[in-house]
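Data first, discussion second: the structure below is written as C-alpha cells.
Residue numbers (the numbering used here), protein chains in the order written: chain C, 1 to 279; chain R, 1 to 279.
Here you go:
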C-alpha cells in the first residue's frame with residue numbers, strides 16, 4: 001500500500017474506557033501534520049473480545065472504503081482486546097503496547113493487565129474533592145458571593161469574558177483547587193484602591209488579561225455592536241485592569257493564545273498553589 | 001542498577017504544555033502496578049533547551065537521592081528538548097518518541113516537530129463553544145432555571161449528590177454539549193406524572209442513579225447524621241427515582257463505580273447526543 005495523504009485517512013480512537021485519553025494522544029500527534037483527517041471515530045468501552053471484534057470490523061471497513069488503512073490510536077490495557085484490534089488493517093498505535101513492557105522490565109514486576117479505574121476521576125476520595133471544589137467554584141463564580149473568599153486557594157480577577165469561569169472549573173475538576181472568581185467591571189476601575197470585596201485578599205488574587213481584538217471578537221458574539229463590544233470601551237477596560245495588576249502587584253496572565261488547560265497549569269506554577277488531587 | 005520496587009522510585013511528568021496529558025498517560029500506566037510511587041513531580045512548559053537541562057538535573061538528582069532511576073513520562077514534541085531530557089538517568093517514556101516516526105512513515109510526510117496548540121482547548125472556535133456550553137451548564141444547574149430547556153442537548157435528572165453537576169460541566173468542557181440538570185427532590189417523587197418543569201422535555205431526559213450506601217457516604221460528609229443522610233430516607237429516594245426512570249422510559253446510568261469522564265462518555269453513547277467539539 002502506498003503512503004497516502006492524511007485527508008483520505010480515517011482515524012479511530014479505541015479505548016476500554018471513555019476514549020478521552022486516546023483522543024488527546026491522537027489529537028496531539030495529528031496536530032503535527034498539516035492536513036486533518038476527514039473521518040474520525042471514537043470507539044469507547046471496548047472491554048470485551050466481542051467489542052474488539054466489532055472495532056476490528058469497523059476499521060477494516062474504513063480501510064476498504066478509503067483505499068488506505070486507517071490510523072488507530074488506542075489505549076487498551078488487556079492483551080486480549082489489543083491482539084484483536086491489532087489484526088485490523090490499520091496503523092495500530094497503542095499506548096500500553098508501547099510502554100507497558102519497558103515499564104515492567106524496569107520495575108521487575110508484571111503489570112496487572114486488568115481493566116481498572118485507570119483513566120480519569122475514579123477513586124472516591126478524589127471524586128469527593130473534585131465535587132467539593134466544583135461546588136466551591138460554582139458558589140463563588142462571578143462575584144456572586146464573596147464571604148467564602150477565606151476558603152479560596154486562589155481568586156481570579158479579570159474582565160467579563162476573559163476566561164475566569166472555565167479556568168476556575170478546570171482548576172476544580174482537574175486539580176481539586178478551590179478557585180473563586182470576581183469580575184472587574186467599569187465601577188471597579190480607576191478607583192483609589194482595590195474593590196472592597198477583594199481588598200482583604202490581595203495575596204490570593206490572580207489576574208487574567210486578554211488582547212483587545214480578541215475580547216472584542218468574543219463580546220461581539222454575545223452583544224453585537226454594543227458599547228460592551230466596542231473597541232474603545234474594551235481598550236479602556238483592558239488598559240485599566242492591566243494597570244491595576246501592575247499597581248497592586250497582582251500576578252497575571254494573558255489568555256489570548258492560551259487554552260483553559262494552559263492557563264490553569266501556569267496559574268499553579270506562578271502562584272505556587274498546591275493541587276489537592278495528585279496525578 | 002538492580003530493578004527496584006515502585007515505591008522507592010520518583011516519577012516525573014515532563015511536558016512542553018500543561019503536563020496534563022503526560023500525567024494522564026503516566027497515571028494509567030502506573031495504575032497497572034500495585035504500589036504507587038511516593039514522589040511525583042510535574043514539570044510543565046519545558047519548551048526550551050534551558051528548561052530541558054533543568055528537568056534533566058532534577059531527574060538526575062532524584063536518581064541519586066532514591067538510589068534508583070526515576071520513571072519519566074513525557075510529551076515533548078521537539079527533538080531538541082527530548083534529546084536533552086533523554087540523557088537524564090531515568091526510564092524515558094515519551095509519547096512523541098514512540099509514535100511520531102511510525103506515523104510519519106505511514107503518511108509519507110514529516111511532522112512539523114513544532115510546539116503547537118496540540119493539547120487541550122486551543123483553537124478559537126472550540127474555545128467559544130466550550131465557553132458557551134459551560135455558561136449554559138452554569139445557568140441551568142440544579143433546576144435554577146428551566147426556561148432554556150428547549151436549547152439543551154440533554155437534561156440530567158437525579159437525586160442530590162448523584163453526580164449531575166460535574167457531569168454537566170464535563171460535558172460542556174470536553175464535548176461542548178449543552179447539558180442542563182434538574183434535581184429530583186422528595187416533592188417530585190411518588191406523584192402521578194413527571195415534575196412540571198421537565199414534563200415537556202421527556203425525550204431529552206437522562207437519569208443518574210447511585211447505590212444507597214455510596215450516596216449515604218457522600219451525604220454523610222455533607223450533613224452528618226441528618227435525615228438527608230439516613231439510610232431509610234436514601235433508600236426511599238433511590239427506589240423512587242429508579243421507578244420513575246422505568247415508568248417513563250428515561251435512559252439512566254448507575255454512577256456508583258463510574259468516573260465523571262465515564263458517565264459523560266456513556267451518556268453520549270446511550271443518548272446519541274452529538275458532541276459540538278470534534279476530537
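Glycine included, every Cβ here is placed at the ideal spot set by N, Cα and C.
| query | result |
| --- | --- |
| What is the residue span of the alpha helix (DSSP H) that residue 173 of chain C lies within? | 164–175 |
| On the three-state DSSP scale, how would you describe residue 39 of chain C? | strand |
| Per DSSP, residue 252 of chain C forms a beta bridge with which residues? | C/207 |
| In angstroms with no decimal places, state the Cα-to-Cα distance between residue 153 of chain R and residue 222 of chain R. | 30 Å |
| Leaving out five residues on either side along the sequence, give the residues of the same chain with a beta carbon under 6 Å from the beta carbon of residue 89 of chain R. | 60, 63, 69 |
| Per DSSP, which one or two residues make a beta bridge with residue 115 of chain R? | BP columns for residue 115 of chain R are empty, so no partner. |
| I need the straight-line Cα distance from residue 54 of chain C to residue 27 of chain R, nearest angstrom please. | 28 Å |
| Let me check one thing: in DSSP terms, what residues is residue 75 of chain C bridge-paired to? | C/15 |
| So residue 128 of chain R contacts chain C; which residues on that side make the cut at Cβ distance below 8 Å? | 218, 221 |
| Under 8 Å, with one C-beta from each stretch per pair, do the region 226–239 of chain C and the region 140–157 of chain C reach the 3-pair mark? | no |
| Which chain C residues are close to residue 109 of chain R, counting only those with a beta carbon under 7 Å from its beta carbon? | 33 |
| With 8 Å as the limit, tell me which residues of the region 141–154 of chain C have their beta carbon closer than that to any beta carbon of chain R; keep them in chain order. | 141 |
| Return yes when the Cβ of residue 172 of chain C is within less than 7 Å of the Cβ of residue 133 of chain C, no when it is not. | yes |
| Look up residue 127 of chain R in the DSSP assignment and say whether it is helix, strand or coil. | helix |
| Might you give, ordered along the chain, the residues of its own chain that have their beta carbon closer than 6 Å to the beta carbon of residue 66 of chain R, omitting 5 neighbours on each side? | 8, 10 |
| Nearest to residue 81 of chain C by CA position, among C/103, C/105, C/44, C/135, is which residue? | C/44 |
| Report yes or no: is there a C-beta of chain R within less than 7 Å of the C-beta of residue 262 of chain C? | yes |
| With the cut-off set at 7 Å, would you say residue 250 of chain C and residue 201 of chain C are in Cβ contact? | no |
| Near residue 93 of chain C, which residues of its chain fall below 6 Å by C-beta distance, leaving aside the five closest residues on each side in sequence? | 73 |
| Pairs of beta-carbons, one from the region 192–208 of chain R and one from the region 105–113 of chain C, closer than 8 Å: are there three or more? | no |
| Output, in sequence order along the chain, the residues in the region 18–32 of chain R whose CB is closer than 9 Å to any CB in chain C. | 18, 19, 20, 21, 22, 23, 24, 25, 26, 27, 28, 29, 30, 31, 32 |
| Applying the 10 Å Cβ sphere with the 16-neighbour rule, what's the burial state of residue 165 of chain R? | buried |
| Can you grab the Cα-Cα spacing for the pair residue 261 of chain C / residue 168 of chain C, in whole Å? | 11 Å |
| Residues in its own chain within less than 7 Å of residue 56 of chain C by CB, not counting five upstream and five downstream? | 84, 85, 87, 88 |
| Under three-state DSSP, which class holds residue 139 of chain R? | helix |
| Give me the subset of the region 179–207 of chain C whose CB atoms are less than 7 Å from a CB atom of chain R, sorted by chain position. | none |
| Taking C-beta pairs closer than 8 Å, name the residues in chain R that residue 113 of chain C reaches, listed in chain order. | 32 |
| Using a Cβ cut-off of 7 Å (strictly closer), state whether residue 167 of chain R contacts chain C. | no |
| Check the Cβ-Cβ distances between residue 271 of chain R and every residue of chain C, and say whether any is below 7 Å. | no |
| On the DSSP bridge list, what partners appear for residue 182 of chain C? | C/157 |
| Apart from the five residues just before and just after residue 157 of chain R, which ones in its own chain have a Cβ nearer than 6 Å to its Cβ? | 182, 184, 205, 207 |
| Under 7 Å between beta-carbons, which chain D residues line up against residue 174 of chain R? List them in chain order, please. | In summary, chain D is missing from the structure at hand, where the protein chains are C and R. |
| Is the shortest distance between the beta-carbon of residue 92 of chain C and the beta-carbons of chain R less than 7 Å? | no |
| I need the DSSP call for residue 28 of chain R, collapsed to helix, strand or coil. | helix |
| CB-CB under 8 Å to residue 229 of chain R, same chain, minus the five flanking residues each way: which ones, in chain order? | 216, 219, 220, 222, 223 |
| For a contact meaning CB atoms closer than 8 Å, what does residue 228 of chain R contact in chain C? | Within 8 Å Cβ-Cβ: nothing; residue 228 of chain R doesn't reach chain C, min ~16 Å. |
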